[in-house]
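Peer 1: FYI, the numbering for the sequence shown is 155 to 371, going by my numbering.
For glycine and all other residues, C-beta sits at the position ideal for the given N, C-alpha and C.
Predicted model only: the values in this text are computed from it and were never measured.
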Amino acid sequence: MALLSRHPNVNIVAGMSSSSDSAARPLPRLARVWNGQLEPLDVAKLAANTDVTFLALPEKAAADVAAPLLAAGVKVIDLSGAFRIRDAADRAHWYPGTTTLPAGTAYGLVEHYARDIVKARLIACPGCYPTAALLSLLPLAKAGLLDVSSGIVIDAKSGISGAGRTANDRTHFSENHGSVSAYGVFGHRHVAEMQQELGLATGLAASVLSDAVNFVP
């Protein structure tokens, strides 16, 4: 919202939360860039009053909310993983409960899909790790310079804020300061995006890339 508030062609008409607690609680940082008040999520109101809606919801909720917005002609920019995976079986495996991809969906890696994004009805924003990995690997893949025979190692680091606001031992700053720990090494769902996009760029089968891509978050 801070970025949007400074854009000359954007008018923020509503900010809504699916959590009643968040909607009622003042957010000092948000107040510095937007003088509105978070409201409870109202899909009908969004459909009637917005041209573009950003969704930052859990995957199942994002899929449920996006459908009526798209039906009303609202363009959707989704920050969840609900619409990132093209293959239906893979999408059901990594993001259970999500729906089929709506027509006009584009993967939001703008450096490689700018033309698709301009025409899209729904933009599926890439995950953080896939963005970092693909911006490095896709130019090599498209140039025929990516040799997967010896494997691709993606050793990625993220700050603890990426895990959200829910408190647990793994995200306590006092427990993590000065430390690095791996998680989801054999089952992080972001690997599906990496394999998907590298497969599209190289023409290699998913089975080949599943063996070749080694992702350590």
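In terms of residues, what are the limits of the alpha helix (DSSP H) holding residue 158?
Peer 2: Against the sequence shown, residue 158 aligns to sequence position 4. First-last of the alpha helix (DSSP H) with residue 158: 156–159.
Peer 1: By the three-class DSSP mapping on this structure, what secondary structure does residue 241 have?
Peer 2: Sequence index remark: in the sequence shown, residue 241 carries index 87 (1-based). Looking at residue 241 - three-state DSSP - the assignment turns out to be coil, as it is neither helix nor strand.
Peer 1: Go through its chain and collect everything with a Cβ distance to residue 323's Cβ below 8 Å, but skip five positions before and after it.
Peer 2: Within the sequence shown, numbered from 1, the residue matching residue 323 stands at position 169. Taken in chain order, the residues that qualify are 329.
Peer 1: Quick check: the Cα distance between residue 250 and residue 235, rounded to an integer number of angstroms?
Peer 2: Here residue 250 refers to the residue found at position 96 when the sequence shown is read from its first residue. Here residue 235 refers to the residue found at position 81 when the sequence shown is read from its first residue. Straight-line Cα distance between these residues: approximately 11 Å.
Peer 1: Roughly how many angstroms lie between the CA atoms of residue 282 and residue 203, to the nearest whole one?
Peer 2: If you number the sequence shown from 1, residue 282 lands on position 128. If you number the sequence shown from 1, residue 203 lands on position 49. Distance between the alpha carbons of residue 282 and residue 203 is about 30 Å.
Peer 1: Kindly indicate which three-state DSSP category residue 327 falls into: helix, strand or coil?
Peer 2: Numbered from 1 along the sequence shown, position 173 holds the residue referred to as residue 327. DSSP places residue 327 in helix when its eight states are reduced to three.
Peer 1: Quick check: the segment 291–300 against the segment 272–279, are there 3 or more CB pairs under 8 Å?
Peer 2: As far as the Cβ criterion goes, the segment 291–300 does not touch the segment 272–279, which means the pair count is below three.
Peer 1: Along the alpha helix (DSSP H) that carries residue 270, what are the first and last residues, could you check?
Peer 2: On the sequence shown, position 116 is the one that residue 270 refers to. Looking at the DSSP string, the run of the alpha helix (DSSP H) that includes residue 270 is 264–273.
Peer 1: Could you tell me whether the Cβ atoms of residue 229 and residue 206 are closer together than 8 Å?
Peer 2: Translated into the one-based positions of the sequence shown, residue 229 becomes position 75. Translated into the one-based positions of the sequence shown, residue 206 becomes position 52. Yes, these two residues count as a Cβ contact at 8 Å.
Peer 1: Please tell me whether residue 345 and residue 370 are closer than 8 Å, where the distance is taken between their beta carbons.
Peer 2: Counting from 1 along the sequence shown, the entry for residue 345 is found at position 191. Counting from 1 along the sequence shown, the entry for residue 370 is found at position 216. No, the Cβ-Cβ distance between residue 345 and residue 370 is not below 8 Å.
Peer 1: Could you name the residues of the same chain whose beta carbon sits closer than 8 Å to that of residue 338, not counting the 5 residues immediately before and after it, in chain order?
Peer 2: What you label residue 338 is simply residue 184 of the sequence shown in a count that begins at 1. Leaving aside the five residues that flank residue 338 on each side, the residues in its chain whose CB is nearer than 8 Å to its CB run, in chain order, 371.
Peer 1: Going by C-alpha distance, which of 188, 252, 195 and 208 is nearest residue 214?
Peer 2: The count along the sequence shown starts at 1 and reaches residue 214 at position 60. Out of 188, 252, 195 and 208, 252 has the C-alpha closest to the C-alpha of residue 214.
Peer 1: Three or more C-beta pairs closer than 8 Å, one from the segment 155–171 and one from the segment 182–200: is that the case here?
Peer 2: yes
Peer 1: Which one of 225, 218, 208 and 244 has the shortest CA to CA distance from residue 231?
Peer 2: What you label residue 231 is simply residue 77 of the sequence shown in a count that begins at 1. With distances taken between Cα atoms, residue 231 lies closest to 208.
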